[in-house]
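Asks:
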Amino acid sequence: HLTNPIPLAYEPSTTLRRGLFGNLITLLAVIGVVCFTLYRLNAPAAVAANAPPAEFASGRAMKYVENIGQRPHPIGSAEHAVVRDYIVKELIELGVSPEVQNTTVVSDLSETPVIAGSVQNIIARLKGSNNTKAIMLTGHYDSVPTGPGASDDGTAVAAMLETLRALKAGPSLKNDVIFLFSDGEEVGLLGAQAVVEDPQTVQAVGLVFNFEARGSSGPSLMYETSEGNEQLIEEFAKAVPRPLTNSLLFEVYKSLPNDTDFSIYKRAGLAGLNFAYIDQSTHYHTQLDNPGTVSESSLQHHGSYALALTRHFGNLDLQHTARGNAVYFDVLSAFIVRYSVSRVLGLTVLVVALFGTVVVLGYRRQLLTLRGMALGFAALLLSMVGSGLAVYVVWRVTGLFQADYRAMTTTCLRRCCRSSGARSAPVAGNTTTRS
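Our numbering puts the first residue of the sequence shown at 66, with every later residue one more than the last.
Next comes the structure, spelled out in structure tokens:
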């Protein structure tokens, strides 16, 4: 009998077992970080209707969405008048005195054809105790003819009404708050243009917060700012509980042929921020944009921004808000890292120098080779091109077997590459076209 059996050749060594265990721990840690990151990219949880009165509750705000988003209500339609009257009634019940601005506007976004229409903006003001300049919360209440507009832009209307209720339930602010329910956004940003054509309104407003939707779910992204945003971002970082934003969104958006009402306010020299959620974009401008598809969490995120920012900026001096641009990004939607654009050049030089140092040291210590680095760069480039090509091929092949997908591709190229108030928006409702 053998008292000390000889270890089998294939028995894993202690070192190998430790290596496998370490790799497993690393893999689990990476998976955990990825899952947590994806979780933090979601909108915050919905808040029930029985929340304290001074809080924003999507459970309370959903009743507005359900009433507004029942049927399409494009400008000039009978349903449009129903939605207008409903908003006015709700504002009166909330204790403010709304006004309806009736005016005819000729859009200056398009030369041929000329887009014009009669708009009915709904405006309400919550007075402050020591106003410097007013905060304007805005979203449009008209829809496209092809969809009920529950998300675009019924959730903005709902967020504003619930924000107004919460503000009245809490302590009063120093600055006035204007609630603008704009009209005619879908046919060429006509309502916003009507507002800025009044010089007194432009002079009275210190900040604009505009709310939009390009889908029916997802987190609300702060994707656009006015120029000179450094001070705005600084205060934004202090105010909001769940920020999701970065300056790359703004830079990409500037290169796209997109417009919302916020474009009009920026051109008029007003400072502000623009918000939208964009998941399930296939519901955008269709019959699927109804109350049943609206994510209550997305509405809650809209409202948490609106209420927190209004309360924060409502007690600040809004005479001067422009100070230069900032580079900014959120970290797991917990806080925002920000720095001035003036530091970009220095940081770029520092990063390039550090990268060069690592390459030189790695090459000298024979940890890197020129051939290996070249192959690594080529593999990265090939993977980027290959992934894009693979998606294109799969999409085209899918279209061969499913004709509806071919139609959706055409729709996306024509519609989805611009925001809801595009420069080439179709004329509808009571608008008129002149050549």
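Glycine included, C-beta positions come from ideal geometry on N, C-alpha and C.
Pull up the distance between the alpha-carbon of leucine 415 and that of threonine 422, whole angstroms please.
Replies: Within the sequence shown, residue 415 is the residue found at index 350, counting from 1. Within the sequence shown, residue 422 is the residue found at index 357, counting from 1. So the alpha carbons of these two residues sit roughly 11 Å apart.
Asks: Helix, strand or coil for glutamate 251 per DSSP?
Replies: Looking up residue 251 in the sequence shown gives position 186. Looking at glutamate 251 - three-state DSSP - the assignment turns out to be coil, as it is neither helix nor strand.
Asks: Distance check for glutamate 299 and arginine 403, CA to CA, integer angstroms please.
Replies: Mapped onto the sequence shown, residue 403 falls at position 338. Mapped onto the sequence shown, residue 299 falls at position 234. When rounded, the distance between both Cα atoms is 8 Å.
Asks: Can you have a look at phenylalanine 327 and say buried or exposed, based on whether 16 or more other CB atoms are within 10 angstroms of its CB?
Replies: Your numbering for residue 327 matches position 262 in the sequence shown. Burial call: buried.
Asks: Can serine 208 and proline 137 be called in contact, C-beta distance under 8 Å?
Replies: On the sequence shown, residue 208 is found 143 positions in, with the first residue counted as 1. On the sequence shown, residue 137 is found 72 positions in, with the first residue counted as 1. Yes.
Asks: So which of Gly124, Leu156, Gly193, Tyr206 has the shortest CA-CA distance to leucine 226?
Replies: Residue mapping note: residue 226 aligns to position 161 of the sequence shown, counting from 1. Minimum Cα distance to leucine 226 is reached at Leu156.
Asks: Where does the unbroken alpha helix (DSSP H) through serine 282 begin, and where does it stop?
Replies: Translated into positions along the sequence shown, residue 282 becomes position 217. Neither: serine 282 is in no alpha helix (DSSP H) and is coded neither H nor E.
Asks: In terms of alpha-carbon separation, which member of Ala189, Leu245, Ala371, Pro356 lies closest to tyrosine 206?
Replies: Translated into the one-based positions of the sequence shown, residue 206 becomes position 141. Looking at the Cα atoms, Leu245 is the closest of the given residues.
Asks: For the beta strand (DSSP E) containing asparagine 167, list its first residue and its last residue.
Replies: Residue mapping note: residue 167 aligns to position 102 of the sequence shown, counting from 1. Note, asparagine 167: beta strand (DSSP E), 164-171.
Asks: Is glutamine 265 helix, strand or coil when you go by DSSP?
Replies: As a working mapping, residue 265 is identified with position 200 in the sequence shown. Note: glutamine 265 maps to helix in three-state DSSP.
Asks: Going along the chain, which residues of its own chain have a beta-carbon closer than 6 Å to the beta-carbon of leucine 372, five neighbours each way excluded?
Replies: Counting from 1 along the sequence shown, the entry for residue 372 is found at position 307. Closer than 6 Å at the Cβ level, and outside the excluded window around leucine 372, lie Phe121, Thr228, Ala231.
Asks: So, for threonine 474: in the same chain, excluding its five sequence neighbours on each side, which residues have a beta-carbon less than 8 Å away from its beta-carbon?
Replies: The sequence position of residue 474 within the sequence shown is 409, counting from 1. In this predicted model, threonine 474 has a pLDDT of only 45, less than 50, meaning its place in the structure is not dependable; the value taken from the coordinates is given anyway. Cβ within range, chain order: Trp460, Gly464.
Asks: For isoleucine 243, which residues from the same chain have a beta carbon less than 6 Å from its beta carbon, with the 5 sequence-adjacent residues on both sides left out?
Replies: For the purposes of this step, residue 243 is identified with residue 178 of the sequence shown, where counting begins at 1. Correct list, in chain order: Arg190, Ala199, Met201.
Asks: What whole-angstrom Cβ distance do asparagine 275 and phenylalanine 340 have, given they're in contact under 8 Å?
Replies: In the sequence shown, residue 275 corresponds to position 210, counting from 1. In the sequence shown, residue 340 corresponds to position 275, counting from 1. About 7 Å separates the two Cβ atoms, so the contact holds.
Asks: Assess contact between the segment 99-115 and the segment 347-365, defined as three or more Cβ pairs (one per stretch) separated by less than 8 Å. Is contact present?
Replies: Taking 8 Å as the limit for Cβ pairs, the verdict is that the segment 347-365 does touch the segment 99-115.
Asks: If you pair each beta-carbon of the segment 284-291 with each one of the segment 139-147, do three or more pairs fall below 8 Å?
Replies: No, the segment 284-291 does not touch the segment 139-147.
Asks: Do you know how far the Cα of leucine 89 is from the Cα of threonine 80?
Replies: Sequence index remark: in the sequence shown, residue 80 carries index 15 (1-based). Sequence index remark: in the sequence shown, residue 89 carries index 24 (1-based). Rounded to the nearest angstrom, the two C-alpha atoms are 14 Å apart.
Asks: Of all the CB atoms in chain B, is at least one closer than 8 Å to the CB of proline 117?
Replies: Of the chains in the structure shown, none is chain B; there is only one protein chain.
Asks: Can you name, in chain order, every residue of its own chain whose Cβ lies under 7 Å from the Cβ of glycine 160, other than the five neighbours on each side?
Replies: Within the sequence shown, the letter at position 95 stands for residue 160. Cβ neighbours of glycine 160 beyond the five flanking positions: Lys233.
Asks: Measure the Cβ-Cβ separation of threonine 211 and threonine 351 and say whether it is below 8 Å.
Replies: Here the question's residue 211 lines up with position 146 in the sequence shown. Here the question's residue 351 lines up with position 286 in the sequence shown. In contact: threonine 211 and threonine 351 (Cβ atoms closer than 8 Å).
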